[in-house]
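One structure below.
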Amino acid sequence: MKLPEYEWVQFSKAPLRQVIGQMRFTIMPRFGQDTFIAGFQQAIRATYPKVAREAAVTYQLSSTGIQPNMGEKLWRFSTRDLRWSVVIGESAITLESRDYNSMNDFLNRFRFLLKMAKEQLEVTDRLRLGLRYINEVRYPGAESLAEWRTLLNPEFVSCDASELLGGKVDHTIQELQVHRPDGVLAVRHGLLNGIVVAPLAPEQPATGPFYLIDLDYFDMTECELEIPATIQQMQEYNDVMYRFFRWTLSKKLYDYLEPIHAQRS
-19 MKLPEYEWVQ
-9 FSKAPLRQVI
1 GQMRFTIMPR
11 FGQDTFIAGF
21 QQAIRATYPK
31 VAREAAVTYQ
41 LSSTGIQPNM
51 GEKLWRFSTR
61 DLRWSVVIGE
71 SAITLESRDY
81 NSMNDFLNRF
91 RFLLKMAKEQ
101 LEVTDRLRLG
111 LRYINEVRYP
121 GAESLAEWRT
131 LLNPEFVSCD
141 ASELLGGKVD
151 HTIQELQVHR
161 PDGVLAVRHG
171 LLNGIVVAPL
181 APEQPATGPF
191 YLIDLDYFDM
201 TECELEIPAT
211 IQQMQEYNDV
221 MYRFFRWTLS
231 KKLYDYLEPI
241 HAQRS
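Residues -19 to 245 (the numbering used here) make up the sequence shown, in order.
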């Protein structure tokens, strides 16, 4: 079975919590110099005026347990409402959105960032490209995997262990990676409690069960940075992930999310 084609819609009750686009490149040795990033900051400050410094944190398992390691220094540039952020480190530039309305808007922003990275930071190569959508799907009263099997495509949810083992499944997580001609599509999904993406203040975190659908499409082919080709590839990734997301939904859940038929943007 091939992935079906679907009419494009927007959802009034969209479960999308965060969209992330990232491009990795060769390490910039001068990144640690504060003045090195100044030109890039000046170029984007009208849209992303808020500035913060961060440190990437990684975790290492040792004989004494799991130990946090402070990684590379990062710069975060954000809109005033913090719903859009640009994170740049010595080897990657990332666009994060909690206010995603259209792929055109997202790609226009990402295109501008790549252009500024090329002009201001002399980024010339592309080591990895990725686009990720994190969905926290919620439905009133859906608390068990058996209930979610009626809301999602049964082929997607797969085995119902509640019948097999004679109990109630209230937590599950699965991951699959599909190697495609243009990259790898990683799908993480399962029944969880609480949240995955922390809300911005003053929004309160949601509680209770939800179904995670986390789609991450990436390409680790090393090549010269060609901005038009990069943007086109991200558009194609978006098309595939949209169709996959639609395939996961039952008619009942699709209607609950309140689809709006509109011109694709």
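Note that the Cβ used here is the ideal one computed from N, Cα and C, for glycine as well.
Leucine 94 (DSSP reduced to helix, strand or coil): Translated into the one-based positions of the sequence shown, residue 94 becomes position 114. Three-state result, leucine 94: helix.
Which listed residue (Trp227, Tyr236 and Val220) has its alpha carbon closest to that of arginine 112: Translated into the one-based positions of the sequence shown, residue 112 becomes position 132. Check the Cα spacing between arginine 112 and each of Trp227, Tyr236 and Val220: the tightest is with Val220.
Glutamate 70 - DSSP class collapsed to helix/strand/coil: Here the question's residue 70 lines up with position 90 in the sequence shown. Here glutamate 70 sits in coil by DSSP.
Stretch-stretch touch, CB-based, cutoff 8 Å, three pairs: the region 79 to 89 with the region 160 to 170: By the C-beta criterion, the region 79 to 89 is judged not to be in contact with the region 160 to 170, since fewer than 3 inter-stretch pairs fall below 8 Å.
Expected contact under 8 Å - CB spacing of glutamate 70 and phenylalanine 11 to nearest Å: In the sequence shown, counting from the first residue as 1, residue 70 sits at position 90. In the sequence shown, counting from the first residue as 1, residue 11 sits at position 31. That belief holds up - the Cβ atoms of glutamate 70 and phenylalanine 11 are roughly 4 Å apart, short of 8 Å.
Presumed contact (8 Å Cβ cut-off) between arginine 108 and phenylalanine 198, rounded CB distance: Here residue 108 refers to the residue found at position 128 of the sequence shown. Here residue 198 refers to the residue found at position 218 of the sequence shown. For a cut-off of 8 Å, the C-beta gap from arginine 108 to phenylalanine 198 is around 6 Å, short enough to register as a contact.
Beta-bridge pairing of serine 58 - partner residues as DSSP gives them: Counting from 1 along the sequence shown, the entry for residue 58 is found at position 78. Serine 58 pairs with Lys30 and Ser65.
Buried/exposed call for isoleucine 240, threshold 16 Cβ in 10 Å: Position 260 of the sequence shown, counting from 1, holds the residue named residue 240. When all chains shown are included, isoleucine 240 counts as exposed.
Inter-stretch contact at 8 Å, needing at least 3 Cβ pairs: the region 50 to 67 / the region 21 to 37: With the rule of 3 Cβ pairs closer than 8 Å, the region 50 to 67 counts as touching the region 21 to 37.
Residue span of the beta strand (DSSP E) that contains glycine 163, given as start and end: What you label residue 163 is simply residue 183 of the sequence shown in a count that begins at 1. Per DSSP, the unbroken beta strand (DSSP E) holding glycine 163 starts and ends at 163 to 173.
Same chain, Cβ closer than 8 Å to aspartate 105, five either side skipped, listed in chain order: Numbered from 1 along the sequence shown, position 125 holds the residue referred to as residue 105. Here aspartate 105 has Phe5, Thr6, Glu202, Cys203, Glu204 and Leu205 as same chain residues with Cβ atoms under 8 Å from its own Cβ, once five neighbours each way along the sequence are excluded.
Nonlocal neighbours in the same chain, by C-beta distance under 7 Å from threonine 187, ignoring five residues either side: Taking the sequence shown and counting its residues from 1, the one referred to as residue 187 is at position 207. The answer, listed in chain order, is Gly174.
For arginine 129, three-class secondary structure by DSSP: In the sequence shown, residue 129 corresponds to position 149, counting from 1. Three-state result, arginine 129: coil.
Same chain only: Cβ atoms within 7 Å of glutamine 100, ignoring 5 sequence neighbours per side: Counted from its first residue, the sequence shown places residue 100 at position 120. Closer than 7 Å at Cβ, skipping near neighbours: Gly19, Phe20 and Ala23.
Which of helix, strand or coil DSSP assigns to glutamate 216: Counting from 1 along the sequence shown, the entry for residue 216 is found at position 236. Reduced to three states, the DSSP call for glutamate 216 is helix.
Exposure of arginine 129, with buried meaning 16 or more beta-carbon neighbours within 10 Å: By 1-based counting over the sequence shown, the position of residue 129 is 149. Looking at its Cβ environment, which holds 16 or more other Cβ atoms inside 10 Å, arginine 129 is buried.
Extent of the continuous beta strand (DSSP E) run through glutamate 155: Indexing the sequence shown from 1 puts residue 155 at position 175. Unbroken beta strand (DSSP E) run through glutamate 155: 154 to 160.
Glutamate 116 vs valine 167 beta-carbon contact at 8 Å: Here the question's residue 116 lines up with position 136 in the sequence shown. Here the question's residue 167 lines up with position 187 in the sequence shown. With respect to valine 167, glutamate 116 sits apart: the two C-beta atoms are not nearer than 8 Å.
Three-state secondary structure (DSSP) of glutamine 21: Mapped onto the sequence shown, residue 21 falls at position 41. Three-state DSSP puts glutamine 21 in a helix.
Proline -5 to glutamine 13 span [Cα, whole Å]: Position 15 of the sequence shown, counted from the start, is the residue given in the question as residue -5. Position 33 of the sequence shown, counted from the start, is the residue given in the question as residue 13. The straight-line gap from Cα to Cα measures roughly 40 Å.
Residue interval of the alpha helix (DSSP H) (run including leucine 233): Within the sequence shown, the letter at position 253 stands for residue 233. DSSP places leucine 233 inside the alpha helix (DSSP H), whose first and last residues are 231 to 236.
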